[in-house]
Structure formats: C-alpha cells, structure tokens
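full-length UniProt numbering numbers the first residue of the sequence shown as 1 and each following residue consecutively. As structure tokens, the structure follows; a few thoughts come after it.
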Amino acid sequence: MSSISKYKNGWLLLLFIMIGIVIGGLISEVTAGVSGLSWLSYGNTFGINSNGNPLVLDLGILVITFALQIKITVASIIGVIAAIVIYRFI
Numbered sequence: 001m002s003s004i005s006k007y008k009n010g011w012l013l014l015l016f017i018m019i020g021i022v023i024g025g026l027i028s029e030v031t032a033g034v035s036g037l038s039w040l041s042y043g044n045t046f047g048i049n050s051n052g053n054p055l056v057l058d059l060g061i062l063v064i065t066f067a068l069q070i071k072i073t074v075a076s077i078i079g080v081i082a083a084i085v086i087y088r089f090i
C-alpha cells in the first residue's frame, strides 16, 4: 500500500486530470507536424472567444474582458483517460 493511497480524494483526481490535459495538449502540439502522428492533434475549439471577439464589459472607469476557449483533441482525451487509470492504480 503506497503512502499516497490513504490521501486519495476528489482533489487528487482533479489534479491528475489537469495534468493529463496539459500533457495531452503538449503531445498534440508536438505531433501536429508529424505525418504519422498528426491524428493526435485532431480536435475542435469552442468557447466565448471562438470567433475572435471576446466579450467586453465597459463600465466607464473599468473595462473587463471575458474570453474562454477550450480545445479538445484526441491526445488530450487520451491524457485524461491515462490520468484516471493512473489514479485508480495508486
């Protein structure tokens, strides 16, 4: 029994999922130009800023700009699945 297994909770799972997303996104960017691995970067981007214009709230003395963009690729999905599997085996 590892020392981490007694601290397993939702926060640790969320941390593993975030790490899986980041590593999957990195793999997606690196393999985008490789002909045999370019399928890993296949995906879609959506969000508030997907058309290029962020949401701007101008209050006179304060200007707030909102933008949220999510890019889901095959590599990021594989990264999330790998993170969940690693979490279960710890």
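All residues carry an ideal CB built from backbone N, CA and C; glycine is no exception. Keep in mind the model is a prediction, meaning the values are calculated, not measured.
CA-to-CA distance, residue j to residue i, given in whole angstroms
| i | j | result |
| --- | --- | --- |
| LEU37 | THR31 | 6 Å |
| VAL34 | ALA83 | 24 Å |
| GLY43 | PHE89 | 29 Å |
| ILE23 | GLY79 | 7 Å |
| LEU12 | LEU26 | 21 Å |
| GLY10 | GLN69 | 25 Å |
| ILE77 | LEU62 | 38 Å |
| VAL85 | PHE16 | 10 Å |
| MET18 | ASP58 | 33 Å |
Closest by C-alpha distance to residue i, when choosing among the options
| i | options | result |
| --- | --- | --- |
| ILE72 | GLU29, LEU62, LEU57 and ASP58 | GLU29 |
| ASN53 | VAL63, LEU40, ALA67 and ILE17 | ALA67 |
| ALA75 | SER41, LEU14 and ILE19 | SER41 |
Neighbour flag for residue i against chain C, beta carbons, 8 Å
| i | result |
| --- | --- |
| GLY47 | In the structure shown, chain C does not exist; there is a single protein chain. |
Please give the ranges of any beta strand (DSSP E) in the segment 27–76, keeping only runs that are unbroken, at least 3 residues long and fully inside the region. 43–47, 55–58, 63–66 and 69–73
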